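Step one of this worksheet: look at the structure below.
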Amino acid sequence: MAKINHFIIEYTDSINQVGVPTGNGMPPKVVIRRFLRMFRQVDDIRIQAMIDYPLEEIILIAFLAVLGNASNWAEMERFGKQKERWLKKFINLKNGIPSHDTFRRVFSLIDTKQLQDVTIAFLLKNLHEIKRALNIKDDGYRQICVDGKEQRGTGRKYQYEDKVRNLQTLHVYDASNALCLYSQPINEKTNEIPVAQDILKEMNLKDCIVSFDALHMQKNTVAIIRDQKGHYIGGLKTNQGNLYEEAFDYFKEEELLSFYRQKGNYYETIEKAHGQIEKRTFYLVKAMKRKVTKAWKGLKSFICYVKEVENLNNNAKKTEIRYYATSLEEVELCAQAIRGHWAVENNLHWHLDYSLNEDDNTTMDKTAFHNYSLINKMVLSLCKLAKPIIGSPSIRTLRKELGWGYEECVAMILSSFDAAALKSSLEIVK
Numbered sequence: 001m002a003k004i005n006h007f008i009i010e011y012t013d014s015i016n017q018v019g020v021p022t023g024n025g026m027p028p029k030v031v032i033r034r035f036l037r038m039f040r041q042v043d044d045i046r047i048q049a050m051i052d053y054p055l056e057e058i059i060l061i062a063f064l065a066v067l068g069n070a071s072n073w074a075e076m077e078r079f080g081k082q083k084e085r086w087l088k089k090f091i092n093l094k095n096g097i098p099s100h101d102t103f104r105r106v107f108s109l110i111d112t113k114q115l116q117d118v119t120i121a122f123l124l125k126n127l128h129e130i131k132r133a134l135n136i137k138d139d140g141y142r143q144i145c146v147d148g149k150e151q152r153g154t155g156r157k158y159q160y161e162d163k164v165r166n167l168q169t170l171h172v173y174d175a176s177n178a179l180c181l182y183s184q185p186i187n188e189k190t191n192e193i194p195v196a197q198d199i200l201k202e203m204n205l206k207d208c209i210v211s212f213d214a215l216h217m218q219k220n221t222v223a224i225i226r227d228q229k230g231h232y233i234g235g236l237k238t239n240q241g242n243l244y245e246e247a248f249d250y251f252k253e254e255e256l257l258s259f260y261r262q263k264g265n266y267y268e269t270i271e272k273a274h275g276q277i278e279k280r281t282f283y284l285v286k287a288m289k290r291k292v293t294k295a296w297k298g299l300k301s302f303i304c305y306v307k308e309v310e311n312l313n314n315n316a317k318k319t320e321i322r323y324y325a326t327s328l329e330e331v332e333l334c335a336q337a338i339r340g341h342w343a344v345e346n347n348l349h350w351h352l353d354y355s356l357n358e359d360d361n362t363t364m365d366k367t368a369f370h371n372y373s374l375i376n377k378m379v380l381s382l383c384k385l386a387k388p389i390i391g392s393p394s395i396r397t398l399r400k401e402l403g404w405g406y407e408e409c410v411a412m413i414l415s416s417f418d419a420a421a422l423k424s425s426l427e428i429v430k
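Here the sequence shown is numbered in UniProt numbering, starting from 1 and rising by one per residue.
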């Protein structure tokens, strides 16, 4: 049976089985040099004769500061001053630590696409090296989640004559590898649709399942995904008109659901957690070739997802029913993809807000904030890889441990990005 690949789970299991690198309390200089080379690829548009702080050093300090719990420009400056002696072991700092105004101003000048491209390329290369070192295979489908996020601290609603809307960002998240591939600022909620389509056109989606909510269930979007050799599964709401009604008709009678059960076209899970029992049932039916379905490229099936929740404290019960359209034909695979789509909320958006305190940053300059957010996403990806190495139960705990013993924790984290050191410390023979 086909499945969705989950690298982080396999990676954590491998680390737990073979041991972890301990490091020597000092980040390997070879890794710091790799970070500097990466950041050096970003163009510096400042007047060269008036530069006091090299761009790659500013970005590196910001990155290390965010790793150490900084969530705004002032905290980056404070971090730099607190760790100046330690930082001088890796970078020159001829003119000392940049001010918070310098951090903000420089981040407003950085080309966001360049910064995104170099950081994602760095992380993907590193993931490839880790998979080779740990002999982790890319079996199964890769899940790509498309979803938008509102940056709640960036707008102005009160005490200002002109209200300023919060910044909006579209994310394309690789749930299988826990990596945000694209982060694109948008102006209005409706602008998510063409932005997502432009991004998907540039992606190789072979062996990928792209999941999204009803906003992105568009004929052009699913056509692009199929043209790029990918599969899709998208939510349906009444704004899809005839397609929603078509799906609803397949599942509207209880007798039909019983029939699908008899045919085996369903998948069910029962879980007990947080004082309640959650029963999830997924029904699949093949879409008939009608005029309404032919307009949606590659459409094969409709899914009815029934979630029943019983509160064990007061016996209160709640039922939710949702409908999906997909190019897939296996009900269990569809169930994995539907539940897996929440990774963009639980593993990206939630951590950006609560583990990295992104909403505390009130920068109104779109470019500066977006570049700061790219650093946040890079730090989040590193923390997910570091969690099993350091033995932290959660990202938030890991962030606290970085505060308690920053230099030792950073040494362990960055040591894992030296492929030779990783193989040696894990005693893995290729």
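Where is the CB? At the ideal position from N, CA and C, for every residue including glycine. Keep in mind the model is a prediction, meaning the values are calculated, not measured.
> In angstroms, rounded to a whole number, what distance separates the CA positions of I413 and D13?
Replying inline: 17 Å
> Which class does Y11 belong to by DSSP, given the choice of helix, strand or coil?
Replying inline: helix
>> List, from N- to C-terminal side, the beta strand (DSSP E) runs of 3 residues or more that fit wholly inside the region 337-390.
In response: none
> Tell me the DSSP bridge mates of S211?
Replying inline: C145, I233
> Considering only C-alpha positions, which residue in the set T221, N187, A214, Q240 is nearest to M203?
Replying inline: T221
> Smallest Cα separation from I97: which of E401, E129, I59?
Replying inline: I59
>> Could you tell me the alpha carbon to alpha carbon distance between N346 and A49, rounded to whole angstroms?
In response: 46 Å
> Is the beta carbon of F212 less than 8 Å from the beta carbon of V292?
Replying inline: no
> Taking DSSP as the reference, what is the three-state secondary structure of S392?
Replying inline: coil
> So, I15 versus P393, is the Cβ gap smaller than 8 Å?
Replying inline: no
>> What ranges does the alpha helix (DSSP H) occupy inside the region 238-292, keeping only unbroken runs of at least 4 residues that lie completely in it?
In response: 242-251, 254-263
> Expressed to the nearest angstrom, what Euclidean distance is found between the alpha-carbon atoms of K286 and G340?
Replying inline: 22 Å
>> Less than 7 Å between C-beta atoms, sequence neighbours within five positions excluded: which residues of the same chain meet that for P43?
In response: Rather than Pro, the amino acid found at residue 43 in this sequence is Asp. Excluding residues within five positions, the ones whose Cβ falls inside 7 Å are D111, Q114.
> Which residue or residues does DSSP assign as beta-bridge partners of residue 493?
Replying inline: Outside the displayed range of the chain (1 to 430) lies residue 493, so it cannot be described from this structure.
> What are the complete beta strand (DSSP E) segments, minimum 3 residues, inside the UniProt domain "H repeat-associated protein N-terminal" (37-122)?
Replying inline: none
> Can you give the beta carbon distance from A247 to H216, rounded, assuming they're within the 8 Å contact cut?
Replying inline: Not a contact, Cβ separation roughly 16 Å.
> What residue range is occupied by the uninterrupted alpha helix (DSSP H) comprising D198?
Replying inline: 192-201
>> Please identify the residue among K307, R226, E308 whose C-alpha is closest to the C-alpha of W296.
In response: R226
>> Just list the residues that DSSP pairs N228 with in beta bridges.
In response: Asn is not the amino acid found at residue 228; the sequence shown has Gln there. None, per the DSSP bridge assignment.
> With L398 and A386 assumed to form a contact (beta carbons below 8 Å), what rounded beta-carbon distance in angstroms separates them?
Replying inline: 6 Å
> Which residue comes first and which comes last in the alpha helix (DSSP H) that contains I413?
Replying inline: 406-415
>> For the region 269-288 against the region 304-312, do three or more pairs of beta-carbon atoms, one drawn from each stretch, fall closer than 8 Å, so that the two count as touching?
In response: yes
> So the beta strand (DSSP E) A325 belongs to, where does it begin and stop?
Replying inline: 317-326
> Exposed or buried, V379, counting other C-beta atoms within 10 Å across all chains shown (16 or more means buried)?
Replying inline: buried
>> Is it buried or exposed, V210, if we count other Cβ atoms within 10 angstroms and call 16 or more buried?
In response: buried
> Along the chain, where does the beta strand (DSSP E) that runs through I303 open and close?
Replying inline: 301-311
>> Looking at I91: is its Cβ nearer than 8 Å to the Cβ of E57?
In response: yes
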